[in-house]
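S.K.: Chains as they are written, first to last, in the numbering used here: chain X, 13 to 240; chain R, 13 to 240.
Protein chains: 2
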Amino acid sequence: MDAEIIAFDVFGTLVDWRSSISAALEQAGRSAGLDADWPAVADSWRSRYQPALARVISGQRPFATLDILHAEMLDEVIAEHQLEGIGDRAGLVRAWHRLTPWPDSVPGLTALRARHILTPLSNGGVGLLTRLARAAGLPFDCILSAELAGTYKPDPRVYALVPAFFDVPPEQVLMVACHPGDLQAARRAGLRTGFIPRPAEWGLATAPAPPADTDVVADDLIALAALL
Amino acid sequence: MDAEIIAFDVFGTLVDWRSSISAALEQAGRSAGLDADWPAVADSWRSRYQPALARVISGQRPFATLDILHAEMLDEVIAEHQLEGIGDRAGLVRAWHRLTPWPDSVPGLTALRARHILTPLSNGGVGLLTRLARAAGLPFDCILSAELAGTYKPDPRVYALVPAFFDVPPEQVLMVACHPGDLQAARRAGLRTGFIPRPAEWGLATAPAPPADTDVVADDLIALAALL
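(1) Compare the Cα-Cα distances from D21/R to each of I33/R, E38/R, P74/R and S117/R and report the closest residue.
(2) Quick check on this structure: which residue in L233/X, E213/X, L26/X and T122/X has the alpha carbon closest to the alpha carbon of P51/X?
(3) Using 10 angstroms around the beta-carbon of L216/R, count the other beta-carbons present and answer buried if the total reaches 16, otherwise exposed.
(4) Keeping to the same chain, check which residues put their C-beta closer than 6 Å to that of R199/R; ignore five residues upstream and five downstream.
(5) Does the Cβ-Cβ distance between G139/R and F152/X come in under 8 Å?
(6) Apply the 10 Å Cβ neighbour rule to S157/R and answer buried if 16 or more other Cβ atoms are within range, or exposed otherwise.
(7) Mind listing the chain X neighbours of F178/R? Cutoff is C-beta to C-beta under 7 Å, in chain order.
(8) Please look up how many angstroms separate the CB atoms of L173/X and M187/X, rounded, as I've assumed it's under 8 Å.
(9) Thinking just about the alpha-carbon of each residue, which of A66/R, G149/R, I17/R and E38/R is nearest to the one in P119/R?
(10) By alpha-carbon positions, which one of H82/R, A189/R, G97/R and I98/R ends up nearest to W57/R?
(11) For L124/X, does the count of other Cβ atoms within 10 angstroms reach 16, so buried, or fall short, so exposed?
(12) Leaving out five residues on either side along the sequence, give the residues of the same chain with a beta carbon under 7 Å from the beta carbon of L121/R.
(13) Please compile the residues from chain X whose C-beta is within a distance smaller than 8 Å of the C-beta of L216/R.
(14) What is the rounded straight-line gap between the Cα of A107/X and the Cα of T25/R?
(15) Could you have a look at M13/R and say whether DSSP puts it in helix, strand or coil?
(16) Indicate whether at least one CB of chain R lies closer than 8 Å to the CB of I129/X.
(17) If you draw a straight line from the C-alpha of R101/R to the C-alpha of P63/R, how long is it?
(18) For the beta strand (DSSP E) containing P132/X, list its first residue and its last residue.
(19) Name the chain R residues that come within less than 9 Å of A145/X, Cβ to Cβ?
(20) Give me the chain X residues within the contact set of T226/R, using Cβ-Cβ distance strictly less than 9 Å, ordered along the chain.
(21) Am I right that A54/R and S34/R are in contact with their C-beta atoms under 8 Å? What's the rounded C-beta distance?
(22) Does the beta carbon of T112/R sit closer than 8 Å to a beta carbon anywhere in chain X?
(23) Indicate the three-state DSSP secondary structure (helix, strand or coil) for G206/X in the structure shown.
(24) Expressed to the nearest angstrom, what Euclidean distance is found between the alpha-carbon atoms of L78/X and H109/X?
(25) Going by C-alpha to C-alpha distance, which of G137/X, T142/X and A15/X sits closest to Y164/X?
(26) G97/R and A44/R - do their beta-carbons sit closer together than 8 Å?
(27) Relative to the C-alpha of L236/R, which candidate in M85/R, I208/R, L144/R and R42/R has its C-alpha closest?
(28) Looking at the C-beta of L86/R, does it have a partner C-beta in chain X at a distance below 8 Å?
(29) In the DSSP assignment, find the alpha helix (DSSP H) that holds V170/R and state where it starts and stops.
(30) Can you tell me which of the three DSSP states V53/R falls into?
(31) Using a threshold of 8 Å, state whether the C-beta atoms of I17/X and I155/R are closer than that.
(32) Among A91/X, G99/X and P74/X, which residue has its Cα nearest to the Cα of R42/X?
(33) Using a Cβ cut-off of 7 Å, pull out every chain R residue sitting near L160/X, in sequence order please.
(34) Keeping to the same chain, check which residues put their C-beta closer than 8 Å to that of A76/R; ignore five residues upstream and five downstream.
(35) What do you reckon, are the CB atoms on V27/R and T142/R nearer than 8 Å?
(36) Of all Cβ atoms in chain R, is any one closer than 8 Å to the Cβ of T142/X?
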């Protein structure tokens with residue numbers, strides 16, 4: 013595929029947010045003498061993500077960075093799970109800046125970077141994504157974020173950022189994600205699409221199927237690099 | 013210095029635009045059977061830069077990327093130097109995406125990156141800077157551009173991008189440049205400032221003096237890394 017630029021979803025596609033956030037919650041909880049089903053608490057936090065983004069996309073509230081939304085969601089999660097004793101909420105919000113990459117992410121990106129410009133295209137903010145890429149060693153060429161469009165994926169204005177900044181037709185951009193909805197929205201914006209299954213994102217055994225019109229499907233990023 | 017983020021001017025500070033653009037002009041001229049004082053033609057092109065930016069900063073014209081401004085300036089330079097036979101003007105505009113770094117730029121940035129987040133903060137667009145960083149091997153953590161503020165340096169909105177994206181006070185950002193005016197504007201925006209002399213930028217023997225309140229002055233980026 014001759015796409016000059018590959019744009020990557022990050023949470024789930026490149027990094028294992030669930031294990032990392034569960035561990036951060038568990039550590040903060042233990043320090044406060046609290047016990048809980050920490051992966052379930054992490055899932056509860058993440059499950060508030062789409063509704064929070066939807067309020068921004070629909071215009072119900074003005075744009076706020078994902079750090080701000082994460083802090084608001086965390087307050088709700090703490091109340092729901094009766095974890096009010098937990099300390100350092102700001103530190104937990106910053107845990108989203110240091111997430112563990114999947115084992116194939118760094119070698120796969122490194123191989124893909126030899127012939128393509130690589131960028132995240134994530135709902136994380138520019139600062140979050142830059143710190144995350146440093147901490148996880150993700151070798152990007154630049155950092156593009158939904159923040160630069162003042163909205164969130166799947167708003168089409170986010171996908172349009174990539175061809176606009178690089179002054180190329182949208183078919184020169186390949187969007188890679190493990191979420192079918194992300195790829196459907198990228199396709200509607202004219203981008204090419206690549207799917208990687210990440211069943212472990214939610215601790216499951218099987219991943220959702222890719223959209224039928226996905227341009228390329230690969231088991232992981234190392235396999236994707238071999239296919240392109 | 014405990015600045016978390018270092019932002020770099022690019023044209024002149026990190027890369028030798030004059031030699032690179034002179035060579036590109038000479039190659040395009042020779043292909044067309046033309047001869048000229050190519051460094052002088054390069055200087056003529058670059059000398060149109062500040063007036064072109066000033067029209068955007070003042071609001072006389074809406075924001076246009078540096079690629080667009082470079083193309084307009086090139087048309088003027090070609091007319092002034094009677095080089096109408098020169099071909100591939102788009103290729104010459106793209107020559108600004110592939111400029112040779114100064115010998116200390118890559119090792120200096122590599123050393124600085126161990127303890128600081130590195131970004132360009134340049135009037136080049138996001139696409140230009142990303143392609144330039146790849147071609148020159150400049151190891152940035154993200155790509156910030158005046159384009160993201162819809163104006164150009166020295167407009168204070170450009171400098172304000174860095175603390176805003178990283179959610180830090182401005183004194184956590186060190187702006188490094190070889191141009192006193194860039195550092196004066198960065199200082200007015202609350203950033204710390206670092207000066208590197210680059211007399212060869214314009215083929216001269218001596219560089220301008222840094223502003224008196226510059227936080228750190230070093231001979232080159234390797235020396236700067238040793239100082240910080």
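From the three backbone atoms N, C-alpha and C, an ideal C-beta is built for every residue, glycine too.
M.R.: Reading from the atomic positions:
(1) S117/R
(2) E213/X
(3) Exposed.
(4) T205
(5) no
(6) buried
(7) G139
(8) With 8 Å as the limit, L173/X and M187/X do not qualify as a contact, their Cβ atoms being about 11 Å apart.
(9) Looking at the Cα atoms, G149/R is the closest of the given residues.
(10) H82/R
(11) buried
(12) L130, L150, P151 and L233
(13) Under the 8 Å cutoff, chain X gives no residues; its nearest Cβ is about 32 Å from L216/R.
(14) A107/X and T25/R: Cα-Cα distance of roughly 35 Å.
(15) coil
(16) Yes, contact with chain R.
(17) C-alpha separation (whole angstroms): 21 Å.
(18) DSSP places P132/X in the uninterrupted beta strand (DSSP E) bounded by I129 to S134.
(19) Ordered by position in chain R, the residues that pass the 9 Å Cβ test against A145/X are D153 and C154.
(20) Those within 9 Å of T226/R in chain X number zero; the least Cβ separation is about 26 Å.
(21) Correct: roughly 4 Å between the Cβ atoms.
(22) At a cut-off of 8 Å between beta-carbon atoms, T112/R makes no contact with chain X.
(23) DSSP places G206/X in strand when its eight states are reduced to three.
(24) 11 Å
(25) G137/X
(26) yes
(27) I208/R
(28) no
(29) P168 to F178
(30) V53/R falls in the helix class under three-state DSSP.
(31) no
(32) G99/X
(33) L160
(34) Excluding residues up to 5 positions away in sequence, V68 lie with their Cβ nearer than 8 Å to the Cβ of A76/R in the same chain.
(35) no
(36) yes
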